[in-house]
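Visitor: Heads up: the sequence lines are chains A and B, in that order. With the first letter of the first sequence counted as 1, position 304 gets the number 304 in my numbering; the numbers rise by one all the way through. With the first letter of the second sequence counted as 1, position 361 gets the number 361 in my numbering; the numbers rise by one all the way through. From the three backbone atoms N, C-alpha and C, an ideal C-beta is built for every residue, glycine too. One structure, pasted below without further comment.
Protein chains: 2
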Amino acid sequence: MHWSNNRGSKTNVPCCVILAAGEGRRLAMPEKGPKPTHKVLGLSLGERTILACMAAGVSRFIVVLGSQAEAVRAHFAEVSMRRGCDVEFVVAADWHLGNGISALAAKDSILDDRFLLVMADHLVSTALIQQVLHTALCDREVCLAVDQNTTRVFDPDDATKVQFKHGTIECIGKHLDVWNAVDTGVFLATPALFDALADAAAQGQYTLSHGIEKLAEIGKARAVDVSGQLWLDVDTPDSIREAKRRLLGSLGKNGADGFISTHVNRRLSIPLSALLVRTPITPTQITLGSFFIALVGAAFFTVDQLWASIVAACLVQLSSVVDGCDGEVARLRHLATSHGAWLDTMLDRYADTAVVMAITLGYGAGHPGALPWLGGLAASTGFLLASYSTKEFALTHGVPYPNNVLNRLKRRDLRLLVMCCGGVVGYPYHAMVVMGLVTHALVVGILVNGWRLRSGDARPALVSSPHAFPRRRETADAGPDRRSPIPDPRAGSRGAA
Amino acid sequence: MHWSNNRGSKTNVPCCVILAAGEGRRLAMPEKGPKPTHKVLGLSLGERTILACMAAGVSRFIVVLGSQAEAVRAHFAEVSMRRGCDVEFVVAADWHLGNGISALAAKDSILDDRFLLVMADHLVSTALIQQVLHTALCDREVCLAVDQNTTRVFDPDDATKVQFKHGTIECIGKHLDVWNAVDTGVFLATPALFDALADAAAQGQYTLSHGIEKLAEIGKARAVDVSGQLWLDVDTPDSIREAKRRLLGSLGKNGADGFISTHVNRRLSIPLSALLVRTPITPTQITLGSFFIALVGAAFFTVDQLWASIVAACLVQLSSVVDGCDGEVARLRHLATSHGAWLDTMLDRYADTAVVMAITLGYGAGHPGALPWLGGLAASTGFLLASYSTKEFALTHGVPYPNNVLNRLKRRDLRLLVMCCGGVVGYPYHAMVVMGLVTHALVVGILVNGWRLRSGDARPALVSSPHAFPRRRETADAGPDRRSPIPDPRAGSRGAA
Chain A
1 MHWSNNRGSK TNVPCCVILA AGEGRRLAMP EKGPKPTHKV LGLSLGERTI
51 LACMAAGVSR FIVVLGSQAE AVRAHFAEVS MRRGCDVEFV VAADWHLGNG
101 ISALAAKDSI LDDRFLLVMA DHLVSTALIQ QVLHTALCDR EVCLAVDQNT
151 TRVFDPDDAT KVQFKHGTIE CIGKHLDVWN AVDTGVFLAT PALFDALADA
201 AAQGQYTLSH GIEKLAEIGK ARAVDVSGQL WLDVDTPDSI REAKRRLLGS
251 LGKNGADGFI STHVNRRLSI PLSALLVRTP ITPTQITLGS FFIALVGAAF
301 FTVDQLWASI VAACLVQLSS VVDGCDGEVA RLRHLATSHG AWLDTMLDRY
351 ADTAVVMAIT LGYGAGHPGA LPWLGGLAAS TGFLLASYST KEFALTHGVP
401 YPNNVLNRLK RRDLRLLVMC CGGVVGYPYH AMVVMGLVTH ALVVGILVNG
451 WRLRSGDARP ALVSSPHAFP RRRETADAGP DRRSPIPDPR AGSRGAA
Chain B
1 MHWSNNRGSK TNVPCCVILA AGEGRRLAMP EKGPKPTHKV LGLSLGERTI
51 LACMAAGVSR FIVVLGSQAE AVRAHFAEVS MRRGCDVEFV VAADWHLGNG
101 ISALAAKDSI LDDRFLLVMA DHLVSTALIQ QVLHTALCDR EVCLAVDQNT
151 TRVFDPDDAT KVQFKHGTIE CIGKHLDVWN AVDTGVFLAT PALFDALADA
201 AAQGQYTLSH GIEKLAEIGK ARAVDVSGQL WLDVDTPDSI REAKRRLLGS
251 LGKNGADGFI STHVNRRLSI PLSALLVRTP ITPTQITLGS FFIALVGAAF
301 FTVDQLWASI VAACLVQLSS VVDGCDGEVA RLRHLATSHG AWLDTMLDRY
351 ADTAVVMAIT LGYGAGHPGA LPWLGGLAAS TGFLLASYST KEFALTHGVP
401 YPNNVLNRLK RRDLRLLVMC CGGVVGYPYH AMVVMGLVTH ALVVGILVNG
451 WRLRSGDARP ALVSSPHAFP RRRETADAGP DRRSPIPDPR AGSRGAA
């Protein structure tokens, strides 16, 4: 069966062999179907593997079937239709002998001189795949991604150990005495791997490790250290829980969060997202829900009484927390779009404006005169300018405004929390005016600092040097891989402003 | 003399030979010094030539001296120091014989297999240079940029005519009977040009045209049609006036202006810029001046009387006009920076906010209650959201929001003019509220339309496809060459919002 699709067929990214032939006995949950179809936070392990590879540019997959072949085939066929990638199936008749024999079944489907090889039941991040794809490979070499940070390995007893030096594997196996890394199950291979596997099989050795051992003997087995990247061999109920923990832990690590997001909002929104991701609720519905909660909260602020102010404050803070969930659920489900980011960030601006207007109305009712309103005007314009300033900077200069104190203090999460704290004690207006004035001061600081930061660059813009950056604000990768020193100007967390 | 500088030395852009040896007798203004030093709107012809080439990536220049060599040398040396490019000088002893002999003097300075050749006294746009640089050149060929739109040629009698077919020059000369294009004086050449010039010189023919004729005889003279690009042979007092006219005409043609900018503001700001460009006033000073005028105008709006309202309206509209001058002067002087665009656009937001606050204060003084202030809040947030929305769109999606009616109606030029018209008749507040509500409606339209426009793209953002666009919002080119069908998201006119 061959699901055709045009996406990315012209890239130079190699195809990917997915081993989905194993039995998964250790998982011991036969009622849930074969292991690649097990769901972790809303998506099956198999779908997560495909999506991690697709986000790295892979568009053609060869899935090796074995145990429960028809159920696994049906699952991957459905994923390929829905996500738009080519999936070809091969059946490994003797899969039960070992995963080396399963890999051998893909031999005739490999047309290029390089291919990826991954396990259907491993959780891997796009960044890990990308790092492996960037490895230089010489003639007839095979490269294995290994993790040197062995203390972070979840189930070290069961892991395949590797001893390597200067990028070359010296030995590999489950029971090495001396080892310095662990096999992650991700390979970048030349077809020489098949010859090595066939050699090993001729000697009654049927695993991938045996094949790599053969290559190591002739110095053709390379290792690339992917320490710090998200990966997990999911083969026990415990490791499924660990997979969830690691996926959730990777959210909100893009370095663009403010103080409150990091220390308050994310701690509440991530558990909430873990619940939401199991429901059919879409990220867009969460965005709209957060906006609606903010509007209801704002309505309570117009009532100049303590109880209403407390209700309003709780609702607005709830909205601020839920505002983090849309992006989290989108990333967990690999559904993040520029589309969603656009709606989210625009509605945030309207929600801010509604809250300020409501607080000012509530306070102004009991305090006639121009002063309350001047405060409201200052706050609403300050909050909008805060969002505007750093985005204008990124757009004008083509680089993001640095995530410094000015930038972190002017964020939405902080100003909403301060206003809500004010609301709980009955002083939402005063908290709002203080935040409004502070925010104006921060924006002036950003204006001056932005001018100063670029003054080394004040020469005429003679050559319009093209500056490539990813087209979209959100990528669909859930891995902890967005901490580049200079983040993409649009890599901010969904709705962070 | 060799002015060293590191800029762009590693690019593949060829070096450029500038012929600055001629006498310029027809200009007949000996008191103003040699022709390449004649100023057109604040910059000499020689400096404009260098800047047009630098903006196209050229960083090394060979200037051929002849008539008044020391004055010309001193001028180009000063330009090279100030603008940061390599300039090497060669002296053509027999320059008076013809420009072919002058070009021959550069022979030993050409180290690469391709070079540009331009005239120091021609006005050329960066886009023209870029088009010529993109021409494919075969072995021992020379390519001449020609203009087929002969009706636009300023002084057809004096022009060198060209007859070409399928990109190959058949004949060239001042007095052809049959011709279909005009020589622009810009060449992309291989060193074969020098051999052709030497051949011609051996037969007593001393001009570049003679050399091209030799190449045409063996089918090695190519032509590239640059119709529509800005170029002008500046050799008479009349043509200096025409050069000014064309440079000014190229301002404000970037397709990003609103209705009012195009039909009102630019008509006032361009003549003003033509005056300002001759003074030492910098674009940044103009930006600050425009902001200051807006603040003074806003102050008058706080007085709830007709005379004050009229003064305020005039000042705010003046500020809106002057707001166009900073970018125009910067482009005319090749001084445009992202720096300047940043200050300009941020101060515009503050000026808008100040004007709205002042109008609301003035009206609120005579009309107690919450309603006047709600109107002010609506207007100030509407105006900020208008600027925010399209910039957020460009940043999130990596493409500019289309310049449709919604986008053109929500611009600053229009809302300021409407408020000022209201001010002149004594109703600035009402005009402001109407514009505020209209702007909010437009922003909602942009939000919905932006969501709809991208819904064909609503698939998960699987591959973060890199999208190259020029780093800076403004390039330093004054040519009419920014009308690409999909403008750069940051190519908006300085401060257009």
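Between B/Arg349 and chain D, is any beta-carbon pair separated by less than 9 angstroms?
Guide: The displayed structure is made up of protein chains A and B, and chain D is not among them.
Visitor: Compile a chain-ordered list of the residues in the region 321-352 of chain B whose CB is closer than 7 angstroms to at least one CB of chain A.
Guide: Taking 7 angstroms as the cut-off between beta carbons, the residues of the region 321-352 of chain B near chain A are His334, Leu335, Ala336, Thr337, Ser338, His339, Ala341, Trp342, Leu343, Thr345, Met346, Arg349, in sequence order.
Visitor: For B/Ser380, does the three-state DSSP call read helix, strand or coil?
Guide: Locating residue 380 of chain B in the second sequence gives position 380, counting from the first residue. Of the three classes helix, strand and coil, the one that applies to B/Ser380 here is helix, per DSSP.
Visitor: Would A/Thr190 pass as a contact of A/Arg241 if the rule is Cβ separation under 9 angstroms?
Guide: Residue 190 of chain A sits at position 190 when you count from the first residue of the first sequence. Residue 241 of chain A sits at position 241 when you count from the first residue of the first sequence. With contacts defined by Cβ atoms closer than 9 angstroms, A/Thr190 and A/Arg241 do not form a contacting pair.
Visitor: Would you report the Cα separation of B/Gly362 and B/Ser273, rounded to the nearest angstrom?
Guide: Taking the first residue of the second sequence as position 1, residue 362 of chain B is located at position 362. Taking the first residue of the second sequence as position 1, residue 273 of chain B is located at position 273. Rounded to whole angstroms, B/Gly362 to B/Ser273 spans 33 angstroms at the Cα level.
Visitor: Near A/Ala145, which residues of its chain fall below 6 angstroms by C-beta distance, leaving aside the five closest residues on each side in sequence?
Guide: Locating residue 145 of chain A in the first sequence gives position 145, where the first residue counts as 1. Correct list, in chain order: Val132, Thr184, Val186, Val224, Val226.
Visitor: Going by the DSSP bridge assignment, what does A/Ala221 pair with across the sheet?
Guide: Counting from 1 along the first sequence, the entry for residue 221 of chain A is found at position 221. Paired residue(s): A/Val142.
Visitor: With 9 angstroms set as the bound, which would you pick, yes or no: does the beta-carbon of A/Pro470 sit closer than that to a beta-carbon of chain B?
Guide: Looking up residue 470 of chain A in the first sequence gives position 470. In this prediction, A/Pro470 has a pLDDT of 32, which is less than 50 and means its spatial position is unreliable; nothing more can be read from the coordinates.
Visitor: What do you reckon, is the C-beta of A/Leu247 under 8 angstroms from a heavy atom of the ligand GTP?
Guide: Summarising the ligand content, the structure contains no ligands, and the ligand GTP is consequently not present.
Visitor: Would you please state the rounded distance, in angstroms, between the beta carbons of A/Ser389 and A/Ala351? I believe it to be under 8 angstroms.
Guide: Numbered from its first residue, the first sequence carries residue 389 of chain A at position 389. Numbered from its first residue, the first sequence carries residue 351 of chain A at position 351. Their Cβ separation, rounded to whole angstroms, is 19 angstroms, which puts A/Ser389 and A/Ala351 out of contact at 8 angstroms.
Visitor: Checking contacts by CB at 9 angstroms: is A/Lys161 closer than that to chain B?
Guide: Residue 161 of chain A sits at position 161 when you count from the first residue of the first sequence. It does not: the Cβ of A/Lys161 has no partner Cβ on chain B nearer than 9 angstroms.
Visitor: Pull out every residue of the region 385-407 of chain B whose Cβ sits closer than 7 angstroms to any Cβ of chain A, in chain order.
Guide: Leu385, Ser387, Tyr388, Ser389, Lys391, Glu392, Phe393, Ala394, Leu395, Thr396, His397, Gly398
Visitor: Do we get a CB-CB distance below 9 angstroms when we pair A/Thr381 with the residues of chain B?
Guide: One-based indexing of the first sequence puts residue 381 of chain A at position 381. It does: the Cβ of A/Thr381 has a partner Cβ on chain B nearer than 9 angstroms.
Visitor: Taking the Cβ atom as the reference point for each residue, do A/Leu409 and A/Gly252 lie within a distance shorter than 9 angstroms?
Guide: Within the first sequence, numbered from 1, the residue matching residue 409 of chain A stands at position 409. Within the first sequence, numbered from 1, the residue matching residue 252 of chain A stands at position 252. Not closer than 9 angstroms, so no.
Visitor: Grab the span of the alpha helix (DSSP H) containing B/Phe194 for me, first residue to last.
Guide: Counting from one through the second sequence, the residue named residue 194 of chain B turns up at place 194. B/Phe194: member of the alpha helix (DSSP H) spanning 192-202, first to last residue.
Visitor: With H, G and I counted as helix, E and B as strand and the rest as coil, what does DSSP make of B/Cys15?
Guide: Indexing the second sequence from 1 puts residue 15 of chain B at position 15. In this structure, B/Cys15 counts as strand in the three-state DSSP scheme.
Visitor: Got a sec? Which residues, its chain only, sit under 7 angstroms from B/Phe164 by beta carbon, not counting five neighbours each side?
Guide: Along the second sequence, one-based indexing puts residue 164 of chain B at 164. Non-local C-beta neighbours of B/Phe164 in its own chain, meaning closer than 7 angstroms and more than five positions away in sequence, comprise Val146, Glu170, Asn180, Ala181, Ala223, ordered along the chain.
Visitor: Entirely within the region 66-91 of chain B and at least 3 residues each: give me those beta strand (DSSP E) ranges in chain order.
Guide: Counting only runs that start and end inside the region 66-91 of chain B, the beta strand (DSSP E) elements of at least 3 residues fall at 86-91.
Visitor: Taking Cβ positions, are A/Leu416 and A/Gln317 nearer each other than 9 angstroms?
Guide: As a first step, residue 416 of chain A is located in the first sequence; it is residue number 416 there, counting from the start. As a first step, residue 317 of chain A is located in the first sequence; it is residue number 317 there, counting from the start. Result yes, Cβ atoms of A/Leu416 and A/Gln317 sit closer than 9 angstroms.
Visitor: Report buried or exposed for A/Ile172, applying the criterion of at least 16 other Cβ atoms within 10 angstroms of its Cβ.
Guide: To locate residue 172 of chain A, count along the first sequence from 1; it is residue 172. Buried, since its Cβ has 16 or more Cβ neighbours within 10 Å.
Visitor: Between the Cα of B/Ile18 and those of B/Ser67, B/Leu117, B/Val58, spot the shortest distance and give me the residue it belongs to.
Guide: Taking the first residue of the second sequence as position 1, residue 18 of chain B is located at position 18. Comparing Cα-Cα distances from B/Ile18 to each of B/Ser67, B/Leu117, B/Val58, the minimum goes to B/Leu117.
Visitor: Verify whether the separation of the beta carbon atoms of B/Asn407 and B/Asp323 is less than 9 angstroms.
Guide: On the second sequence, position 407 is the one that residue 407 of chain B refers to. On the second sequence, position 323 is the one that residue 323 of chain B refers to. No, these two residues do not count as a Cβ contact at 9 angstroms.
Visitor: By DSSP, does B/Ile270 sit in helix, in strand, or in coil?
Guide: Numbered from 1 along the second sequence, position 270 holds the residue referred to as residue 270 of chain B. B/Ile270 falls in the helix class under three-state DSSP.
Visitor: Shorter than 9 angstroms from the beta carbon of B/Thr360 to some beta carbon of chain A?
Guide: Here residue 360 of chain B refers to the residue found at position 360 when the second sequence is read from its first residue. Yes, B/Thr360 lies at the interface with chain A (some Cβ there is under 9 angstroms from its Cβ).
Visitor: I need the DSSP call for B/Arg408, collapsed to helix, strand or coil.
Guide: Locating residue 408 of chain B in the second sequence gives position 408, counting from the first residue. Of the three classes helix, strand and coil, the one that applies to B/Arg408 here is helix, per DSSP.
Visitor: Could you check whether the Cβ of B/Ala36 sits closer than 9 angstroms to any Cβ belonging to chain A?
Guide: Indexing the second sequence from 1 puts residue 36 of chain B at position 36. The question names Ala, but residue 36 of chain B is Pro in the sequence shown. Closer than 9 angstroms: no.
Visitor: Let me know the secondary structure DSSP gives A/Asp112 once reduced to three states.
Guide: Within the first sequence, the letter at position 112 stands for residue 112 of chain A. Three-state result, A/Asp112: coil.
Visitor: Which whole-angstrom value describes the C-beta separation of A/Ser380 and A/Thr353, a residue pair presumed to lie in contact below a C-beta threshold of 8 angstroms?
Guide: By 1-based counting over the first sequence, the position of residue 380 of chain A is 380. By 1-based counting over the first sequence, the position of residue 353 of chain A is 353. That belief holds up - the Cβ atoms of A/Ser380 and A/Thr353 are roughly 6 angstroms apart, short of 8 angstroms.
Visitor: Take A/Glu23 as the anchor and find which of A/Cys16, A/Thr287, A/Gly33 has the nearest alpha-carbon.
Guide: Within the first sequence, residue 23 of chain A is the residue found at index 23, counting from 1. Out of A/Cys16, A/Thr287, A/Gly33, the CA that lies nearest to the CA of A/Glu23 is found in A/Gly33.
Visitor: List the residues of chain B whose Cβ lies closer than 7 angstroms to the Cβ of A/Gly450, in chain order.
Guide: Position 450 of the first sequence, counted from the start, is the residue given in the question as residue 450 of chain A. Ordered by position in chain B, the residues that pass the 7 angstroms Cβ test against A/Gly450 are Trp342.
Visitor: With DSSP run on the structure shown, which of helix, strand or coil describes B/Leu41?
Guide: As a position in the second sequence, residue 41 of chain B is number 41, starting the count at 1. B/Leu41: coil per DSSP, three-state reduction.
Visitor: Any idea what DSSP makes of B/Ala20, helix, strand or coil?
Guide: Here residue 20 of chain B corresponds to residue number 20 of the second sequence, with the count starting at 1. DSSP places B/Ala20 in strand when its eight states are reduced to three.
Visitor: Have a look at the DSSP bridge pairing and note the partners of A/Cys171.
Guide: On the first sequence, residue 171 of chain A is found 171 positions in, with the first residue counted as 1. Paired residue(s): A/Gln163.
Visitor: Under a CB-based cut-off of 9 angstroms, is B/Val178 close to chain A?
Guide: Residue numbering aside, residue 178 of chain B sits at position 178 when the second sequence is read from its first letter. Chain A, which has no Cβ nearer than 9 angstroms to the Cβ of B/Val178, makes this no.
Visitor: A/Thr207 by DSSP, collapsed to three states: which one?
Guide: Here residue 207 of chain A refers to the residue found at position 207 of the first sequence. Of the three classes helix, strand and coil, the one that applies to A/Thr207 here is coil, per DSSP.
Visitor: Should A/Gly297 be flagged as near chain B, meaning a C-beta pair shorter than 9 angstroms?
Guide: Your numbering for residue 297 of chain A matches position 297 in the first sequence. Closer than 9 angstroms: no.
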